[in-house]
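Asks:
Number of protein chains: 4
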Amino acid sequence: MSDFSIGEKLKVTLFGQSHGPAIGCVMEGFPAGQKIDGDFVAAFMGRRAPGQNAWSTPRKEADQPEILSGLNADGLTCGAPITAVIRNSNTRSGDYEALKDVPRPGHADYTARVKYGDAWDGRGGGQFSARLTAPLCFAGALAKLYLEEKGIHMAAHIARIGRIEDAKPDAVNPSLPFYKPGAFPVISPEQGEAMRQEIEAARSKGDSVGGAVECFITGLPAGLGGPYFGGLEGKLSQALFGIPAVKGLRFGDTQNFGSENNDAFCIRDGKVQTVTNHCGGILGGITNGMPVYFTVDFKPTPSIALPQKSVSLKTMKETEFTVQGRHDPCVVPRAVPVVEAAAAIILLDLVQGE
Amino acid sequence: MSDFSIGEKLKVTLFGQSHGPAIGCVMEGFPAGQKIDGDFVAAFMGRRAPGQNAWSTPRKEADQPEILSGLNADGLTCGAPITAVIRNSNTRSGDYEALKDVPRPGHADYTARVKYGDAWDGRGGGQFSARLTAPLCFAGALAKLYLEEKGIHMAAHIARIGRIEDAKPDAVNPSLPFYKPGAFPVISPEQGEAMRQEIEAARSKGDSVGGAVECFITGLPAGLGGPYFGGLEGKLSQALFGIPAVKGLRFGDTQNFGSENNDAFCIRDGKVQTVTNHCGGILGGITNGMPVYFTVDFKPTPSIALPQKSVSLKTMKETEFTVQGRHDPCVVPRAVPVVEAAAAIILLDLVQGE
Amino acid sequence: MSDFSIGEKLKVTLFGQSHGPAIGCVMEGFPAGQKIDGDFVAAFMGRRAPGQNAWSTPRKEADQPEILSGLNADGLTCGAPITAVIRNSNTRSGDYEALKDVPRPGHADYTARVKYGDAWDGRGGGQFSARLTAPLCFAGALAKLYLEEKGIHMAAHIARIGRIEDAKPDAVNPSLPFYKPGAFPVISPEQGEAMRQEIEAARSKGDSVGGAVECFITGLPAGLGGPYFGGLEGKLSQALFGIPAVKGLRFGDTQNFGSENNDAFCIRDGKVQTVTNHCGGILGGITNGMPVYFTVDFKPTPSIALPQKSVSLKTMKETEFTVQGRHDPCVVPRAVPVVEAAAAIILLDLVQGE
Amino acid sequence: MSDFSIGEKLKVTLFGQSHGPAIGCVMEGFPAGQKIDGDFVAAFMGRRAPGQNAWSTPRKEADQPEILSGLNADGLTCGAPITAVIRNSNTRSGDYEALKDVPRPGHADYTARVKYGDAWDGRGGGQFSARLTAPLCFAGALAKLYLEEKGIHMAAHIARIGRIEDAKPDAVNPSLPFYKPGAFPVISPEQGEAMRQEIEAARSKGDSVGGAVECFITGLPAGLGGPYFGGLEGKLSQALFGIPAVKGLRFGDTQNFGSENNDAFCIRDGKVQTVTNHCGGILGGITNGMPVYFTVDFKPTPSIALPQKSVSLKTMKETEFTVQGRHDPCVVPRAVPVVEAAAAIILLDLVQGE
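Residue numbers (the working numbering), protein chains in the order written: chain A, 44 to 397; chain B, 44 to 397; chain C, 44 to 397; chain D, 44 to 397.
(1) If we call anything under 8 Å between Cβ atoms a contact, is residue 123 of chain D one with residue 169 of chain A?
(2) Output yes if chain B places a C-beta closer than 8 Å to the C-beta of residue 401 of chain C; else output no.
(3) How would you call residue 342 of chain B, buried or exposed, if buried means at least 16 neighbouring beta carbons within 10 angstroms?
(4) Are any of the Cβ atoms in chain D nearer than 8 Å to that of residue 199 of chain A?
(5) In angstroms, rounded to a whole number, what distance separates the CA positions of residue 417 of chain C and residue 202 of chain C?
(6) If we count Cβ pairs, one from each stretch, closer than 8 Å, do we get three or more for the stretch 110 to 123 of chain B versus the stretch 169 to 183 of chain C?
(7) Given the structure, does residue 371 of chain D come close to the ligand COA, in the sense that its CB is under 7 Å from one of the ligand's heavy atoms?
(8) Please list, in chain order, the chain D residues whose beta carbon lies closer than 9 Å to that of residue 252 of chain C.
(9) Are the C-beta atoms of residue 144 of chain A and some chain B residue less than 8 Å apart?
(10) How many Å lie between residue 282 of chain C and residue 396 of chain D at the Cα?
(11) Measure the CB-CB distance between residue 335 of chain C and residue 263 of chain C and report whether it falls below 8 Å.
(12) Rounded to whole angstroms, what's the CA-CA distance from residue 228 of chain A to residue 379 of chain A? Just pull it up for me.
(13) Please list, in chain order, all residues of the same chain as residue 151 of chain B whose beta carbon is under 6 Å from its beta carbon, the five residues on each side excluded.
(14) For residue 196 of chain D, list the residues DSSP reports as bridge partners.
(15) Consider the Cβ of residue 70 of chain A: report whether some Cβ of chain B lies at a distance smaller than 8 Å.
(16) Would you mind sorting residue 302 of chain D into buried or exposed? The rule is 16 or more other CB atoms within 10 Å of its CB.
(17) How do the stretch 263 to 277 of chain B and the stretch 314 to 327 of chain B stand: do at least 3 beta-carbon pairs fall below 8 Å, yes or no?
(18) Going along the chain, which residues of its own chain have a beta-carbon closer than 8 Å to the beta-carbon of residue 188 of chain C, five neighbours each way excluded?
(19) Between residue 372 of chain A and the rest of its own chain, which residues show a CB-CB distance below 6 Å, the 5 nearest in sequence each way excluded?
(20) Are the CB atoms of residue 66 of chain D and residue 174 of chain D nearer to each other than 8 Å?
(21) Within the same chain, show all residues whose beta-carbon is closer than 6 Å to that of residue 348 of chain B, passing over the 5 residues directly before and after it, in chain order.
(22) Taking just the CA atoms, how far does residue 205 of chain B sit from residue 299 of chain A?
(23) Taking the CB atoms as reference points, tell me whether residue 383 of chain D and residue 183 of chain D lie closer together than 8 Å.
(24) Drop a sphere of 10 angstroms on the beta-carbon of residue 225 of chain D, count the other beta-carbons inside from all chains shown, and report buried for 16 or more, exposed for fewer.
(25) If we ignore side chains and look at the alpha-carbon of each, how far apart do residue 289 of chain B and residue 386 of chain B end up?
(26) Just mark residue 54 of chain D as buried or exposed, buried being the case when its beta carbon has 16 or more other beta carbons within 10 Å.
(27) Quick check on residue 309 of chain D - is its C-beta less than 8 Å from some C-beta in chain C?
(28) Which residue from A:200, A:284 and A:260 puts its Cα closest to that of residue 376 of chain A?
(29) How would you label residue 63 of chain C, buried or exposed, when you count the other beta carbons within 10 angstroms and need 16 or more for buried?
(30) Keeping to the same chain, check which residues put their C-beta closer than 6 Å to that of residue 108 of chain D; ignore five residues upstream and five downstream.
(31) Identify each residue in the stretch 337 to 354 of chain B for which the Cβ-Cβ distance to at least one residue of chain A is less than 8 Å, and report them in chain order.
(32) If I measure Cβ to Cβ from residue 112 of chain D and keep anything under 7 Å in the same chain, skipping five residues before and after, which residues do I get?
(33) Could you tell me which of B:114, B:154 and B:45 sits nearest to residue 74 of chain B, measuring between CA atoms?
(34) Can you tell me the Cα-Cα spacing of residue 145 of chain A and residue 159 of chain A, whole angstroms?
(35) Determine the chain D residues that contact residue 282 of chain C at a beta-carbon separation under 9 Å, and present them in chain order.
(36) Note down the Cα distance separating residue 69 of chain D from residue 178 of chain D, rounded to an integer number of angstroms.
Take a look at the structure:
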């Protein structure tokens, strides 16, 4: 498994640097014959796009993917690898030049230089940039399109910003989708308002704030996944921890005691189901036919406007500096579709592999 | 990646069923020339072995691995795959026969039957059994042996039982090991005593209790891992979520705001280090030379002595039943070395791959 | 992909050294519910076993596999990894001790020491030994059993010993099997007799002789494989070149000119077929529904009784010596089922992956 | 392993269809810090480009790769995936429209439709097109550039066209390169002239002719590869059989008898070498420090101007037709750099993995 590839039967490879000519992805193993709904893809990618609202970076990205391969003359997937390219523009490299010697705290600047040496293209974070989640969302949109036609639906929401938490969906019968298109992606408008204030408070102080995204998937058949390292938790985790700034992951809603955590089996609609769903739809690494859900923790974005301490790699002396440039005070709202995209890719891989 | 294999350059494959003739593992890619210290391996595996103390199942397992391949006549690893086999014995299959039709809540009984059909060997959980963590510990012991000789040390402790938490190590300079050999694996003896009471309380009620294990690794060079799906978090996660009953994972100690979460760089001992270590030693998916640490959440063991509700797969009717047999009221104490083992395998894979 | 593993959805891992305690294999991903016919497996493995006839080494091997996992109480595959172990016995390590310093020409002695260092267990060739084709045949027997029940049949024969060639099967309608159980594995008894004389002539001179094995597979559905690196040729090649002493591989029966090499399509039995079958049943890396066939070239076994020149790795001086021990003058007859086994594993992997 | 990806630590993914917007490749794991010599890349790709001489198709391709990622501002590789895109142009899809229903003998038309269904983009062979060897050569050029700086050199030549064979290099001390830049890629100019006549004879009859390419690699360290499925033969084979039209592969120059095939070890230049090199530089799957060489057999290109028999997939009736369009009467001359490219990618993967 290389750094930029995920999946087995369906494999997605990301490429690009933040300030290089382009970013993009290649999807191998996507089923042939799928009509690509351009509006669906654009709407999904638009949920991640920056510059569209008050709570994200003012850097605008057109993020219009050009599809270089994988479609036939009728616009259907044809079995060839699907390649999409998004040109980079509106990059202001000058912002970063001064920092070449001084690694930004919380960023990959230092570890990337250890790994790649001086040839590393650190402009905008290079290949570590969250820009690469744009082609990830392109791939995720295609996966989601396919899954939805199979009756598999997914929806994520902001579960937490700082200490402000959203309402919890019903884990047995979640009402998907959780919010209207274009809205702040929360279940509870009141909590959403409190979250926006939390983000604004961080921004006004030159600070940033972290949070969490919760994702629900319904309609999955029982039997996907496997024991031990083939478990659905492990497969999803590799994709989800691949998203920049993710530091934690929990499946279901584990309770302290077995008597309260075990989900009793029942017969509902003539099928084996469970009364509760603390296990998050996964038993022994395998889907049990109930909704799958998990929560992903994001650290606060490390780019803050406050003065910070770091070191000069040339002089090996400590120094103080301030990050320039434009940055989200909170990545969590834009990360909501990214979480869905990562999950959709893994689930399509599994659904296909059956 | 198949269900029972983990790692790339170093690959560990587990095999066996709980009540089959034997369980074991094959390690491919282990470096040649390593002296295998039998006492080290036995001591490490002994930390996981059941039946040794008051807080675990009375089922005794000799768990003596026989090494079938991989060593030369002098007992050094020779480059061939290392195979170890542990014979099963002391199995009382009768305990489980009655449950063949009625899946136990919280177990893989139902999902395994969906996946494998009636041919599934459900005795003792079959290949889902936590018994297979014994050969995982064998493999982990060898990996740990190799890493320790390279100056890479690891130690895990019980971070939580139910709501009782252990003391936190110093994330910049943790004092490894955290406890004496043979002791209850906690940093704070007082908290350990409270934990044992929590376990005993669950047992006395016929209930079970969950918890968490925290693991620290010191001595890792900076530069291990990679961006996106090659990140150390993702690689460790796939192994850690492979451990039965694991439902959550967090790296480092993420704070709410960027200003408090960012770890300032400093020069210490002539090297680039960080003042704090909230990131858990990983930036951009790559080790930064500071201690790596993470916390793994375990659900309460689903086997409880209380009556539970389930269904008959034959009659498709709901029923009530009580799990028979011997079970740990809490898997967390014995899971401590299992977490170390899973991490050691991934880290040796990465260290070798450099 | 590690050295001893092959396959993706079905993965076979070999282990063991020639003179270690045991050899064996683990099969992951074998379908659950298959009845294992012990006689079938024994008969298949018996075709490879040494010491049974005039043309192979007098070293006897019981080669009775013990199945440690993967079967349920009824002897059906249960979805867990299938592990088989064959104990080593009747090994005379003394034969090889004198050669530790002097690498045998044509063997892996020198290259293994470069790769693994002095810890390499060179007795009997260590993990390079053709002994490991015994567990490969065990795995292949199970795969073949499954495929035969699906109507997919395979048969290999000796295509050549030295310069003596067997008759060619009809590539469109081959008559499988090519020979009676227990017979010298050729189509033409006359050519078989000439081959045996060629082997006997080599043996009487203390020499060895190489040859080729041709394998046919019928009943494969059209559509298996893929373009470029997913082609059936490439997938089979990785398994077939993994067999010791294999140095060449050809698919079909390529003709010099396009006009004679192209297989015209026709309608036969209501299906699209081809009039001839020069392409070996594979077009663009994908099966076309016609018989798949290929020829594998084996070098003459490097162990000969004649004096040979080599060097001392200690003194770095040239020396002359004679290999002691018992060796086949020709590995080709025993390699016939090994070729079938390797192909069966890959084909089951592909058939399952569809 | 997906259809269009090859390699592990260095992984190359191809994409594109013959008549889609573009073709290209992504290289993951290429070492950071390599200066990309554009002239070297262009010269190498030029050896494969069509339309440049009398013996290849008149279709012209600019084949100018645009590099979208993987280089830093100074033109050095930076550790990010390297992506190159080649726009398609000068495609005359009309040539192929008439054939949509009638599969061309020897092509993937039929098998692709079985695998992908009607959505397959069959124009120009879609993703089966040999056009994709252009980005393969781009990737190979970069790999070769890196290897040459490490003292590892490779050169291939036409070993055979039809029944005309080239001279054989000295397998112990081959004189690389075998011919001057721009010349017909053979060692013997006289045999080259005979080959060109053979190609011209085929072309004049509306026929095509096959042949073989032999490739030598010098400067490889001893110790690369591994036993069984990790052998260098198997790793190279997967890449080489991925090249369209390849149907056979032989390593070294195997002799019939062990006494003549075994390469005696000797001391030369103070190092362990072999007197002869029949094994092709590989013993037990591992390089022995001598030149590695192998021969790849290509079938005659299936596109011929003569009338051929096929079937209508709609009517399921037999029919006769003639392939239109422009085609090479022999792919072998242009395949020479493609063979080098495939080998260079695998060797860089192995050299890096050590």
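Ideal Cβ placement from N, Cα and C applies to all residues, glycine included.
Replies: In brief:
(1) yes
(2) Examination of residue 401 of chain C is not possible in this model, given that chain C is present from 44 through 397 alone.
(3) buried
(4) Chain D places no beta carbon closer than 8 Å to that of residue 199 of chain A, leaving this residue out of the contacts.
(5) Given a span of 44 to 397 for chain C in the structure shown, any question on residue 417 of chain C remains unanswerable.
(6) yes
(7) In the structure shown, the ligand COA is absent, as is every other ligand, since no ligand is present at all.
(8) 299, 300 and 301
(9) no
(10) 21 Å
(11) With respect to the 8 Å criterion, residue 335 of chain C and residue 263 of chain C are classified as neighbours on the basis of their beta carbons.
(12) When rounded, the distance between both Cα atoms is 8 Å.
(13) 171
(14) D:261
(15) It does not; no Cβ of chain B falls within 8 Å.
(16) The residue in question, residue 302 of chain D, is buried, as its Cβ has 16 or more Cβ neighbours within 10 Å.
(17) yes
(18) 77, 79, 80, 83 and 84
(19) 242, 245, 246 and 251
(20) In this structure, residue 174 of chain D lies closer than 8 Å to residue 66 of chain D by Cβ.
(21) 249
(22) 5 Å
(23) yes
(24) Exposed is the call here.
(25) 14 Å
(26) buried
(27) yes
(28) Measuring from the Cα of residue 376 of chain A, the nearest candidate turns out to be A:200.
(29) By the neighbour-count criterion, in which 16 or more other beta carbons inside 10 Å mark a residue as buried, residue 63 of chain C falls on the buried side.
(30) 127, 129 and 181
(31) 340, 342, 343, 344, 345, 346, 347, 349, 351, 352, 353 and 354
(32) 123, 124, 125 and 126
(33) B:114
(34) 16 Å
(35) 272 and 277
(36) If I take the Cα positions, the gap works out to 9 Å.
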